[in-house]
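Comments concern the structure below.
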Amino acid sequence: GYNILAHLMGAYPELSIFRRFGALNARNILYLQAELTDLETKLLQAEKVDPESGHINRKIYSRDWRTLSASVDVADGDGTQWRISCVCERSCMNTVRLAGIEADIEPDSAILEQAQITQLSPPNPRDLQFLVKYMRAPSMGNVYLLGPDSDIWEKPNHLDLFAINPKTSDNSLSRLITVVVVDWFHRLVGWRIRV
């Protein structure tokens, strides 16, 4: 299971191949962007209405943070601008419930994390091929995951995969060692070694 796969990936970082979840991350950022755009529109409307209201305190909201923040507590004050600002702040540190688990997501950090993830290199095709073979072959790892992640490495969309430390050279000698020597080692000796 996961333990055998983790030991293999720990010993051989080039086999630490994972999904980026690029579309899911992009969707999350788009939703956060849409929410903040909506709040920004409402805030700009409130900022335009307050100075024209004729109310002495509302006229200075744009210049006096203390008066603006106290507007929700004052009987004749209009706290719309302050409430929207507070909602914007909470949206910037949005609590999202996914399958009953809470996760704090900040749009800026989500964007920066997505930018970092997209910079990670794709796996070496031979390493990906070896990982799939290792997981499926009874003489090698014989790793069968049962959940929806069981075929991530075999799906046709390899563009969504990255490797922690991909091999950069794939010359004839390294191919020979990787494909022939490691394969024979696992057939003759490696299948007896279980982690």
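Just so we're aligned, residue 1 is where the sequence shown starts under full-length UniProt numbering, counting upward by one. Even for Gly, the Cβ is constructed at its ideal location relative to N, Cα and C. Note that this is a predicted model, so its numbers are computed, not measured.
### Query
Among all the DSSP beta bridges, which residues are the ones paired with isoleucine 17?
Taking the sequence shown and counting its residues from 1, the one referred to as residue 17 is at position 17. Answer is Ala163, bridged to isoleucine 17.
### Query
In or out: threonine 80 buried (at least 16 other Cβ within 10 Å) or exposed?
Taking the first residue of the sequence shown as 1, we reach residue 80 at position 80. Under this definition threonine 80 is a buried residue.
### Query
Mind pulling the alpha helix (DSSP H) runs of 4 or more residues that sit fully within the region 36–83?
65–70
### Message
I need the DSSP call for alanine 137, collapsed to helix, strand or coil.
### Response
Translated into positions along the sequence shown, residue 137 becomes position 137. Coil.
### Task
Could you pull the start and end residues of the alpha helix (DSSP H) that asparagine 3 belongs to?
Residue numbering aside, residue 3 sits at position 3 when the sequence shown is read from its first letter. It spans 2–11 - the alpha helix (DSSP H) in which asparagine 3 sits, taken as one unbroken run.
### Beta-carbon proximity of cysteine 86 to leucine 39, cut-off 7 Å
For the purposes of this step, residue 86 is identified with residue 86 of the sequence shown, where counting begins at 1. For the purposes of this step, residue 39 is identified with residue 39 of the sequence shown, where counting begins at 1. No, they are not a contact pair.
### Query
Which one of Tyr61, Tyr144 and Leu15 has the shortest CA to CA distance from aspartate 127?
Position 127 of the sequence shown holds residue 127. The candidate whose alpha carbon is nearest that of aspartate 127 is Leu15.
### Query
How many Å lie between serine 121 and proline 13 at the Cα?
Counting from 1 along the sequence shown, the entry for residue 121 is found at position 121. Counting from 1 along the sequence shown, the entry for residue 13 is found at position 13. Their Cα atoms are separated by approximately 13 Å.
### Query
How is leucine 131 classed by DSSP in three states: helix, strand or coil?
For the purposes of this step, residue 131 is taken as the residue at position 131 of the sequence shown. Note: leucine 131 maps to helix in three-state DSSP.
### Query
Around the C-beta of residue 208, are 16 or more other C-beta atoms found within 10 angstroms, so that it is buried, or is it exposed?
Since the first residue shown for the chain is 1 and the last is 195, residue 208 is missing from the structure and cannot be characterised.
### Query
Between the region 22–39 and the region 134–145, are three or more C-beta pairs nearer than 8 Å?
no
### Message
Quick check: the Cα distance between proline 156 and isoleucine 4, rounded to an integer number of angstroms?
### Response
To locate residue 156, count along the sequence shown from 1; it is residue 156. To locate residue 4, count along the sequence shown from 1; it is residue 4. Their backbone Cα atoms lie some 24 Å apart in a straight line.
### Query
Leaving out five residues before and five after leucine 161 in sequence, what residues of the same chain have Cβ atoms less than 8 Å from its Cβ?
Sequence index remark: in the sequence shown, residue 161 carries index 161 (1-based). Once the five neighbours on either side are set aside, the close Cβ partners of leucine 161 are Ile17, Phe18, Arg19, Arg20, Pro122, Pro123, Leu128, Ile152 and Trp153.
### Message
Classify alanine 115: buried if its beta carbon has 16 or more other beta carbons within 10 angstroms, exposed otherwise.
### Response
Within the sequence shown, residue 115 is the residue found at index 115, counting from 1. Exposed: under 16 other Cβ atoms inside 10 Å.
### Message
Just to check my reading of the structure: arginine 83 and valine 72 have Cβ atoms closer than 8 Å, yes? What is that Cβ distance to the nearest angstrom?
### Response
The residue given as residue 83 occupies position 83 in the sequence shown. The residue given as residue 72 occupies position 72 in the sequence shown. About 7 Å separates the two Cβ atoms, so the contact holds.
### For asparagine 25, three-class secondary structure by DSSP
Walking along the sequence shown from the start, residue 25 turns up at place 25. DSSP places asparagine 25 in helix when its eight states are reduced to three.
#### Entry: Cβ neighbours of alanine 46 in the same chain (closer than 7 Å, five flanking residues each side left out)
Translated into positions along the sequence shown, residue 46 becomes position 46. Answer for alanine 46: Thr80, Gln81 and Ile84, listed in chain order.
### Task
Keeping to the same chain, check which residues put their C-beta closer than 8 Å to that of isoleucine 29; ignore five residues upstream and five downstream.
Reading the sequence shown from its first residue, position 29 is the one you call residue 29. Pro107, Ala110, Ile111 and Gln114, listed in sequence order.
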